[in-house]
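Protein chains in written order, with this note's numbering: chain A, 1 to 113; chain B, 114 to 228.
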Amino acid sequence: GENVEQHPSTLSVQEGDSAVIKCTYSDSASNYFPWYKQELGKGPQLIIDIRSNVGEKKDQRIAVTLNKTAKHFSLHITETQPEDSAVYFCAADPMEYGNKLVFGAGTILRVKS
Amino acid sequence: GAVVSQHPSRVICKSGTSVKIECRSLDFQATTMFWYRQFPKQSLMLMATSNEGSKATYEQGVEKDKFLINHASLTLSTLTVTSAHPEDSSFYICSASPRSDQPQHFGDGTRLSIL
Chain A
1 GENVEQHPST LSVQEGDSAV IKCTYSDSAS NYFPWYKQEL GKGPQLIIDI
51 RSNVGEKKDQ RIAVTLNKTA KHFSLHITET QPEDSAVYFC AADPMEYGNK
101 LVFGAGTILR VKS
Chain B
114 GAVVSQHPSR VICKSGTSVK IECRSLDFQA TTMFWYRQFP KQSLMLMATS
164 NEGSKATYEQ GVEKDKFLIN HASLTLSTLT VTSAHPEDSS FYICSASPRS
214 DQPQHFGDGT RLSIL
């Protein structure tokens, strides 16, 4: 089955700097890759997603890149702010279209002001 | 946007009690909902797929008689943890999507603590 690895497990950046979180997946059939942000005591919130027919997608300070050949995708957050501090999860969908997601282990992002 | 609501947000109960958790899609219908379990500082693990009008599909290693799922309507799925024990203490989260080609939206989770 699908296996998703996520790095780093923790990431500390200074406010205003960029943050990059990387994930690799194993199932070449996976075609959908969402990123979720989870704050303490809350459920995950979708922040951006990408499908396999696209190499890059951007939404204001957040961008995701996908390399299907290498089977890895990355989350890029620019101009980080303290409110970006949270746990970020990448996921892959081996069944396509946002069903039965397989999650990475998560990255704790701390933005220091 | 699509909103998924879970209730209750927190449950504390004695060992041996059965606990029911509700997951509702507030502004859309969902023929399929998903139940996840999350231990502290860990990732989300899919437990089961809830299918409206039919039996749930459980992931390997998840006891279907322990975690009863009912998806009786297009906006409500329930997870009942039967005869709960301390090892069942965890954060349970559901998700749903308006359509199969749209992202999954998660509820805010239920923190279950068994004493």
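Virtual Cβ for every residue (Gly too), placed ideally from N, Cα, C.
In this text, all values refer to a predicted model and were calculated from it rather than measured experimentally.
The DSSP-derived three-state label of E83(A) is helix. Nearest CB-CB separation between G16(A) and chain B: not below the 9 Å threshold. About 7 Å separates the Cβ atoms of Q217(B) and F147(B), confirming a contact at the 8 Å cut-off. Proximity of chain B to N99(A) at the Cβ level (cut-off 9 Å) is accounted for by T145, F147, T162, S210, S213 and Q217, in chain order.
The C-beta distance from S156(B) to F103(A) rounds to 5 Å, short enough to meet the 8 Å contact threshold. The shortest C-alpha to C-alpha distance from D59(A) to any of D49(A), N67(A) and N53(A) is the one to D49(A).
Contact of R137(B) with chain A is not assigned, every C-beta pair being separated by 9 Å or more. For I134(B), the closest Cβ of chain A is not nearer than 9 Å. Contact note: G222(B) reaches chain A through G41, K42 and G43, using a C-beta cutoff of 8 Å and chain order. Interface residue (Cβ-Cβ distance to chain B less than 9 Å): D59(A) is not classified as such. At least 9 Å separates the beta-carbon of L187(B) from that of V124(B).
Using a CB distance cut-off of 9 Å, V102(A) counts as an interface residue toward chain B.
The alpha-carbon separation between A86(A) and R110(A) amounts to approximately 7 Å.
The DSSP-derived three-state label of D140(B) is coil.
As DSSP reads the structure, K57(A) sits in a beta bridge with V64(A). K133(B) and L228(B) have their C-alpha atoms spaced approximately 16 Å apart. Per DSSP, the beta bridge partners of A209(B) are M146(B) and H218(B).
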